[in-house]
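*Asks:* Below is one structure. I have some questions about it.
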Amino acid sequence: MRKIITLITVMPILVFSQTTSIPDVDFEQMLINLGYDTGTPDGSILTSSVNGITSLDVSSANIDDLTGIESFTSLKSLYCNNNQLTSLDLSNNLALTILYCHNNQLTSLDVSNNMNLSELECSSNSITSLDVSNNTALTDLYCVNNSITSLDVSNNIALTNLSCGYNQLTSLDVSNNTALTGLACGSNPLGGNLDVSTNYSLSALYCQFNQLTSLDLSNNMNLIELACSYNFLTGLDLSNNLALSTLNCGFNELTSLDVSNNIGLSELQCGHNQLYALDLSTNTALTLLICNDNQLNCFNVQNGNNQNLSLFSATNNTSLNCIEVDDVNWSTVNWLFIDSQTSFSTNCNYPSNCFSTTAIKEQTNSINLYPNPTNKLITLDIEGYNGLVNVEVYDLTGKLLQTTTNTTISMGEYAKGIYVFKVAYGDIVEKLKVVKD
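All you need for this note's numbering is the position in the sequence shown, starting with 1, plus 1006.
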């Protein structure tokens, strides 16, 4: 009898659970803290534990490396700001709509695959270029304080808020961004004119610390806040901006300023210009007024509501003898920031043409500052003038750094950046910008 022995070999069924590598200990520790991993960091996590996560906050966790984020395929919101990231690969996170990666050390950021992205905050990194051409769903873009030299937002027609200040932009085209309500592009070397003629919904514009020579706001009738200080503006027409509430146009070259139509104006800063006259008699909502360092001869603030004006400064207007106000006694007690020769009156008896532009003095002399930019010394030359010159040097915060009567001025001890020279000669005061290399 033949016996057939059947050998049955039972092989165990091995189930390999897929894992995702998490090489950064601090990243994994955050995942443990959030309940997505257990135990102590071991360099990996079950992929099944993370691929369903839709929102992840690993901010301020001392993370250097976010490797492993590629397995978070359902992720819609990622907050990885305030870490030490030098790179960030989000090419696999196609569902991402919100990304906060500011305050890191990123030199580049590729969001070309993240076409659902609606909100991007990547400020305070070292990014030199940013391509958002594929991100047509983008409504909010914040890329402040980087080293970006150009920014194309022509495809981002849904954009409502753009904040790109403190970069190296020399031009900015927002003509396609008709939905914009907020634009902050200050502290760039933007020159010439900033064209916002198609941005009819714009309510807040911050374009200070640039090199703008003109600014046309005639189409921006919804504008509420405007900061355009520290530019080269010689004129500013606000006649169509009836909703304007806050205006900072200081440190320009304005010789006149008409805010008679802006009756809702509550804050006005127009110091360090060349204003000869200022009529605020229709601006009954004013609570803050700074108009120091001008050439005021005529100044009317008799608006029937002076007691609501809690902050008032009109110093360094050496030709201003009289300010027209509601109540002399009240103004004398409460408004202390005026020059010694200036007094208050309910009727200053100004000439009939005092508040017209024809009363503004012509400036015929030409100032040359060279070399500009400079790395050490800069020389001042005023064509056709050989008299005494007084120069004050300010930084961009408005801090006075030095006062001199020399025409050769040392800049060697100052950091790189933009400085403002206030040059007084004869009865003329002009302000010029100097770049320190």
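A virtual CB, placed ideally from N, CA and C, is assigned to each residue, including glycine.
Shorter than 9 Å from the beta carbon of Met1227 to some beta carbon of chain B?
*Replies:* As a matter of chain content, chain B is missing from the structure shown, which is built from one protein chain.
*Asks:* Could you tell me the boundaries of the beta strand (DSSP E) in which Leu991 lies?
*Replies:* Outside the modelled stretch of the chain, which goes from 1007 to 1443, sits residue 991, for which no answer is possible.
*Asks:* When burial is assigned at 16 or more other CB atoms within 10 Å of the CB, is Leu1274 buried or exposed?
*Replies:* Here residue 1274 is taken as the residue at index 268 of the sequence shown, counted from 1. Buried is the call here.
*Asks:* Note down the Cα distance separating Asn1225 from Asp1158, rounded to an integer number of angstroms.
*Replies:* For the purposes of this step, residue 1225 is identified with residue 219 of the sequence shown, where counting begins at 1. For the purposes of this step, residue 1158 is identified with residue 152 of the sequence shown, where counting begins at 1. If you take the alpha carbons of Asn1225 and Asp1158, they lie about 23 Å apart.
*Asks:* What does the alpha-carbon distance come out to for the pair Leu1326 and Leu1196?
*Replies:* To locate residue 1326, count along the sequence shown from 1; it is residue 320. To locate residue 1196, count along the sequence shown from 1; it is residue 190. Distance between the alpha carbons of Leu1326 and Leu1196 is about 34 Å.
*Asks:* According to DSSP, is Thr1026 part of a helix, a strand, or is it coil?
*Replies:* For the purposes of this step, residue 1026 is taken as residue 20 along the sequence shown, with counting starting at 1. Thr1026: strand per DSSP, three-state reduction.
*Asks:* Taking 8 Å as the limit between beta carbons, can you name the residues of its chain near Gly1277, skipping five residues before and five after?
*Replies:* Position 271 of the sequence shown, counted from the start, is the residue given in the question as residue 1277. Answer for Gly1277: Gly1256, Phe1257, Ile1296, Cys1297, Asn1298, Asp1299, Asn1300 and Ser1319, listed in chain order.
*Asks:* Let me check understanding here. Comparing Cα to Cα, which of Ala1101, Pro1357 and Thr1053 lies closest to Met1121?
*Replies:* Within the sequence shown, the letter at position 115 stands for residue 1121. The option with the nearest alpha carbon to Met1121 is Ala1101.
*Asks:* What number of angstroms, rounded off, separates the C-alpha of Asn1353 from the C-alpha of Leu1242?
*Replies:* As a working mapping, residue 1353 is identified with position 347 in the sequence shown. As a working mapping, residue 1242 is identified with position 236 in the sequence shown. One C-alpha to the other measures close to 28 Å.
*Asks:* Let me know the secondary structure DSSP gives Leu1342 once reduced to three states.
*Replies:* To locate residue 1342, count along the sequence shown from 1; it is residue 336. Coil, per DSSP.
*Asks:* Indicate the three-state DSSP secondary structure (helix, strand or coil) for Leu1292 in the structure shown.
*Replies:* Translated into positions along the sequence shown, residue 1292 becomes position 286. The answer is coil: DSSP assigns Leu1292 none of H, G, I, E or B.
*Asks:* Note down the Cα distance separating Leu1126 from Thr1410, rounded to an integer number of angstroms.
*Replies:* Position 120 of the sequence shown, counting from 1, holds the residue named residue 1126. Position 404 of the sequence shown, counting from 1, holds the residue named residue 1410. Taking the straight line joining both Cα atoms gives about 47 Å.
*Asks:* Determine whether the beta carbon atoms of Tyr1420 and Leu1407 lie at a separation below 9 Å.
*Replies:* If you number the sequence shown from 1, residue 1420 lands on position 414. If you number the sequence shown from 1, residue 1407 lands on position 401. Yes, the pair counts as a contact, with Cβ atoms nearer than the cut-off.
*Asks:* Quick check on DSSP: helix, strand or coil for Asp1032?
*Replies:* One-based indexing of the sequence shown puts residue 1032 at position 26. Note: Asp1032 maps to helix in three-state DSSP.
*Asks:* Within a Cβ cutoff of 8 Å, which residues of the same chain sit near Gly1423, ignoring the five residues on either side of it in sequence?
*Replies:* Within the sequence shown, residue 1423 is the residue found at index 417, counting from 1. Asp1401, Leu1402, Val1441 and Lys1442, listed in sequence order.
*Asks:* What ranges does the beta strand (DSSP E) occupy inside the region 1164-1195, keeping only unbroken runs of at least 3 residues that lie completely in it?
*Replies:* Qualifying beta strand (DSSP E) stretches, in chain order: 1167-1169 and 1188-1190.
*Asks:* Taking 9 Å as the cut-off, decide whether the C-beta atoms of Ser1132 and Ser1118 are in contact.
*Replies:* Here residue 1132 refers to the residue found at position 126 of the sequence shown. Here residue 1118 refers to the residue found at position 112 of the sequence shown. No, these two residues do not count as a Cβ contact at 9 Å.
*Asks:* Going by C-alpha to C-alpha distance, which of Ser1235, Ile1388, Leu1271 and Leu1260 sits closest to Leu1248?
*Replies:* Working through the sequence shown from its first residue, we reach residue 1248 at position 242. The option with the nearest alpha carbon to Leu1248 is Leu1271.
*Asks:* Is the region 1084-1093 close to the region 1048-1059, with three or more CB pairs under 8 Å?
*Replies:* Taking 8 Å as the limit for Cβ pairs, the verdict is that the region 1048-1059 does not touch the region 1084-1093.
*Asks:* State the start and end residues of the unbroken beta strand (DSSP E) segment that holds Asn1254.
*Replies:* Residue numbering aside, residue 1254 sits at position 248 when the sequence shown is read from its first letter. Unbroken beta strand (DSSP E) run through Asn1254: Thr1252 to Asn1254.
*Asks:* When the Cα of Cys1360 is compared with those of Cys1128, Asn1374, Cys1328 and Gly1171, which residue comes out closest?
*Replies:* Walking along the sequence shown from the start, residue 1360 turns up at place 354. When only C-alpha atoms are compared, the closest one is Cys1328.
*Asks:* I need the boundaries of the beta strand (DSSP E) containing Asp1243, first residue and last residue.
*Replies:* Counting from one through the sequence shown, the residue named residue 1243 turns up at place 237. Element bounds for Asp1243: n/a, residue is neither H nor E.
*Asks:* Excluding the 5 residues preceding and the 5 following Leu1013 in the sequence, name in chain order all residues of the same chain whose CB lies nearer than 6 Å to its CB.
*Replies:* Residue numbering aside, residue 1013 sits at position 7 when the sequence shown is read from its first letter. Unreliable placement is indicated for Leu1013, whose pLDDT of 37 sits below 50; no coordinate value is reported for it.
*Asks:* Rounded to whole angstroms, what's the CA-CA distance from Thr1293 to Ile1269? Just pull it up for me.
*Replies:* Taking the sequence shown and counting its residues from 1, one reaches residue 1293 at position 287. Taking the sequence shown and counting its residues from 1, one reaches residue 1269 at position 263. Distance between the alpha carbons of Thr1293 and Ile1269: 12 Å.
*Asks:* Just the C-alpha distance for Gly1393 and Leu1302, rounded to the nearest angstrom, thanks.
*Replies:* On the sequence shown, residue 1393 is found 387 positions in, with the first residue counted as 1. On the sequence shown, residue 1302 is found 296 positions in, with the first residue counted as 1. Rounded to whole angstroms, Gly1393 to Leu1302 spans 23 Å at the Cα level.
*Asks:* Among Ser1083, Gly1041 and Cys1149, which has the Cα closest to the Cα of Leu1115?
*Replies:* On the sequence shown, residue 1115 is found 109 positions in, with the first residue counted as 1. Ranking Ser1083, Gly1041 and Cys1149 by Cα distance to Leu1115 puts Cys1149 first.
*Asks:* How is the beta strand (DSSP E) around Lys1442 delimited, first residue to last?
*Replies:* Within the sequence shown, the letter at position 436 stands for residue 1442. Its beta strand (DSSP E) spans residues Ile1434 to Lys1442.
*Asks:* Here's the rule: buried if 16 or more other CB atoms are within 10 angstroms of the residue's CB, otherwise exposed. What is Ser1061?
*Replies:* Here residue 1061 is taken as the residue at index 55 of the sequence shown, counted from 1. Exposed, because fewer than 16 other Cβ atoms sit within 10 Å of the Cβ of Ser1061.
*Asks:* Would you mind sorting Leu1263 into buried or exposed? The rule is 16 or more other CB atoms within 10 Å of its CB.
*Replies:* Numbered from 1 along the sequence shown, position 257 holds the residue referred to as residue 1263. So Leu1263 ends up on the buried side.
*Asks:* Which stretch, first to last residue, makes up the beta strand (DSSP E) that contains Asp1387?
*Replies:* As a first step, residue 1387 must be located in the sequence shown, where it is residue number 381. Segment Leu1383 to Glu1389, the beta strand (DSSP E) holding Asp1387.
*Asks:* Taking just the CA atoms, how far does Lys1382 sit from Val1429?
*Replies:* Stepping through the sequence shown from its first residue, residue 1429 is reached at position 423. Stepping through the sequence shown from its first residue, residue 1382 is reached at position 376. Answer to the nearest angstrom: the Cα atoms are 19 Å apart.
*Asks:* I think Thr1026 touches Ser1050, with their Cβ atoms under 8 Å apart; what is that distance to the nearest whole Å?
*Replies:* Along the sequence shown, read from residue 1 onward, the residue named residue 1026 stands at position 20. Along the sequence shown, read from residue 1 onward, the residue named residue 1050 stands at position 44. Yes, Thr1026 and Ser1050 are in contact; Cβ-Cβ is about 6 Å, under 8 Å.
*Asks:* From Leu1250 to Leu1221, what distance separates their C-alpha atoms?
*Replies:* Here residue 1250 corresponds to residue number 244 of the sequence shown, with the count starting at 1. Here residue 1221 corresponds to residue number 215 of the sequence shown, with the count starting at 1. Distance between the alpha carbons of Leu1250 and Leu1221 is about 15 Å.
*Asks:* Can you give the beta carbon distance from Leu1200 to Asn1183, rounded, assuming they're within the 8 Å contact cut?
*Replies:* Here residue 1200 refers to the residue found at position 194 when the sequence shown is read from its first residue. Here residue 1183 refers to the residue found at position 177 when the sequence shown is read from its first residue. Leu1200 to Asn1183, Cβ: 13 Å. No contact.
*Asks:* Taking 9 Å as the cut-off, decide whether the C-beta atoms of Leu1189 and Ala1164 are in contact.
*Replies:* Position 183 of the sequence shown, counted from the start, is the residue given in the question as residue 1189. Position 158 of the sequence shown, counted from the start, is the residue given in the question as residue 1164. Cβ distance not < 9 Å, so Leu1189 and Ala1164 don't count as in contact.
*Asks:* Can you list, in chain order, the residues of its chain whose CB lies under 6 Å from that of Ser1097, leaving out five sequence neighbours each side?
*Replies:* Mapped onto the sequence shown, residue 1097 falls at position 91. Excluding positions up to five away in sequence, the list reads Asn1119.
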